Amino acid sequence: MMKGLKKWRLFSLLAALTVFLTGCGEEYLSTLRPAGETGQEQFNLLVLSTSIMVLVIVVVVVIYILALLKFRRSKLGENHIPKQVEGNHTLEMIWTVIPIILLLILAVPTVYYTYKQGDVAGAEMKDEEGNAQNLVVNVTAKLYWWEFEYPDLGIVTSQELVVPTDEKVYFNLKAGDVKHSFWIPAVGGKMDTNVDNLNKFYLTFDKESEGLKDGVFYGKCAELCGPSHALMDFKVKSMNRGDFDNWVAAMQKTAEPATPASATAQAGQDVFNASCIGCHAVSGAGPANAVGPNLATFGDRNRIGGFLEHDEENLKNWIKNPQKYKPGNVMPAFESKLSNEELDALAEYLMGLSVEQ
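Note that my numbering gives residue 302 to position 280 of the sequence shown, counting from 1, and the numbers run on in steps of one.
See below:
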């Protein structure tokens, strides 16, 4: 009776695990559903190495089971001694050569793709007029947000990386405070961002993100960096080259401040200029390395603080006490500094900062 209960407990546990595992493999987040050339190459290496390991395990287990069955005592007796094969040159050659072959099968493509994906010379290529031939993005990781600068386009954004599809995008990675790690699981492997040196790599985006959940790929920090490490993520919008060029043009136009759409938003702009402008910019055409995230596209984002639902109520709660939601970040609390009317006006103003039509 107890044995039957234990079996049912195991079955129930496995059934419960399947419920949790159904959340794996989402296209916007999973390394197992690659959405770019780099991610696909890394996935192919993963499949190859796993296949080799499974093959070795299966062969060893089969030999082990056959030995158990063939040489069991009940069949051959207590005193039977199997033929000794120690020093057999043929067998020694087999179990020496086969592992070498398997290692070569794994090593050759691994070395090839390591050097291929490490080739970032394209980031420096110029055309006859001296213009960059490929898109380069300077990524700066900070506690606990991300800044993306497009040096050849003269624009800066934060928290949402925007890229064209079907072409290599080169990244220069650095950290502004402590060590972080830049990772877009569905598109390619991670790369550390350090304070003292610059890391470089490239990714390709084969799929437009518009059809995905929330319309974005999810990016994450993959290096433990502090109490809010788990909340340090960013979003990636990938689009065709035409739409990307339109987005760039719209970002460049933010150099000229837009007139708020309502009197409340105008009041919110005044609050922003009095309380927030020292750390945040609202122009996507400004310089990089600001104290706080660039807010030029704040109204186009789908999250507040990287993880809260994008609505005015969450925005006001965040402004009042950001430490409550993301401990360790450097933004001060404004709960005692702004009235409810000022918070309402500021929230309406920020939600209206948009470059997407």
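Just so it is clear, CB atoms sit at the ideal spot from N, CA and C, and this is done for glycine as well. Just so we're clear, the structure is a prediction, and the values are computed from it rather than from any experiment.
Top-ranked residue by Cα proximity to residue i, from the options
| i | options | result |
| --- | --- | --- |
| glycine 47 | Val130, Gln274, Lys235 | Lys235 |
| glutamine 181 | Leu360, Ala318, Glu370 | Ala318 |
| methionine 373 | Leu360, Leu157, Asn194, Gln288 | Gln288 |
| isoleucine 326 | His111, Leu91, Lys257 | Lys257 |
| leucine 183 | Glu189, Val191, Asp174, Phe170 | Phe170 |
| glycine 198 | Leu246, Trp167, Val130, Asn339 | Trp167 |
| lysine 190 | Met75, Lys138, Leu125, Val130 | Lys138 |
| glycine 290 | Asn362, Leu225, Pro309, Gly314 | Asn362 |
| histidine 251 | Leu88, Val78, Val69, Ala163 | Ala163 |
| alanine 310 | Ile120, Val83, Val161, Gly152 | Val161 |
| leucine 165 | Glu335, Pro279, Gly328 | Gly328 |
| arginine 263 | Pro186, Val352, Gly210 | Pro186 |
| lysine 259 | Ala244, Cys247, Ala272, Glu232 | Glu232 |
| threonine 53 | Gly241, Arg95, Val142, Ala143 | Gly241 |
| valine 313 | Glu335, Arg323, Val352 | Val352 |
| asparagine 268 | Arg94, Leu175, Pro315, Gly144 | Leu175 |
| glycine 237 | Asp322, Asp333, Ala129 | Asp322 |
| leucine 225 | Ala129, Leu157, Lys148 | Leu157 |
| phenylalanine 65 | Gly210, Leu36, Ile122 | Gly210 |
| tyrosine 371 | Phe320, Phe33, Asn339, Asn110 | Phe320 |
| glycine 308 | Asn339, Gln274, Glu334 | Gln274 |
| valine 142 | Leu70, Glu151, Gln155 | Gln155 |
Three-way DSSP call (helix, strand, coil) for residue i in this model
| i | result |
| --- | --- |
| leucine 195 | strand |
| asparagine 268 | helix |
| threonine 179 | strand |
| lysine 346 | helix |
| serine 297 | helix |
| lysine 201 | coil |
| leucine 54 | coil |
| glycine 61 | helix |
| asparagine 351 | coil |
| lysine 359 | coil |
| threonine 276 | coil |
| glutamate 378 | coil |
| arginine 94 | coil |
| glutamate 370 | helix |
| alanine 89 | helix |
| serine 34 | helix |
| alanine 285 | helix |
| methionine 23 | Reliability of the predicted coordinates at methionine 23 is poor, the pLDDT of 49 falling under 50, and the value obtained from them is presented with this limitation in mind. Here methionine 23 sits in coil by DSSP. |
| serine 250 | coil |
| glycine 47 | coil |
| leucine 365 | helix |
Residue j beta carbon less than 8 Å from that of residue i
| i | j | result |
| --- | --- | --- |
| threonine 281 | glycine 306 | no |
| isoleucine 177 | valine 270 | yes |
| proline 354 | proline 249 | no |
| isoleucine 341 | leucine 365 | yes |
| lysine 212 | tryptophan 205 | yes |
| phenylalanine 227 | phenylalanine 193 | no |
| alanine 208 | proline 56 | yes |
| glutamate 230 | methionine 254 | no |
| valine 293 | leucine 220 | no |
| leucine 455 | valine 107 | The structure shown does not extend to residue 455, since the chain spans only 23 to 379, so no value can be given for it. |
| tyrosine 50 | phenylalanine 239 | yes |
| serine 284 | lysine 359 | no |
| tyrosine 135 | glutamate 59 | no |
| threonine 132 | leucine 67 | yes |
| isoleucine 74 | isoleucine 127 | yes |
| aspartate 188 | lysine 201 | no |
| valine 377 | alanine 303 | no |
| asparagine 336 | glutamate 357 | no |
Identity of the residues DSSP links to residue i by a beta bridge
| i | result |
| --- | --- |
| serine 260 | Val185 |
| lysine 190 | Thr226 |
| aspartate 255 | Lys242 |
| isoleucine 206 | Gly210 |
Cutoff 8 Å: residue i Cβ touching any chain B Cβ
| i | result |
| --- | --- |
| aspartate 267 | Absent from the structure: chain B. Only one protein chain is present. |
For this session: Counting only runs of 4+ residues fully inside the region 299-338, write out the alpha helix (DSSP H) ranges in chain order.
Result: none
For this session: Pick out the complete beta strand (DSSP E) segments inside the region 209-244, 3 residues or longer, and give them in chain order.
Result: 210-215, 221-226, 239-243
Exercise. Can you list the beta strand (DSSP E) stretches of 3 or more residues lying completely in the region 96-173, in chain order?
Worked result: 157-164, 167-172
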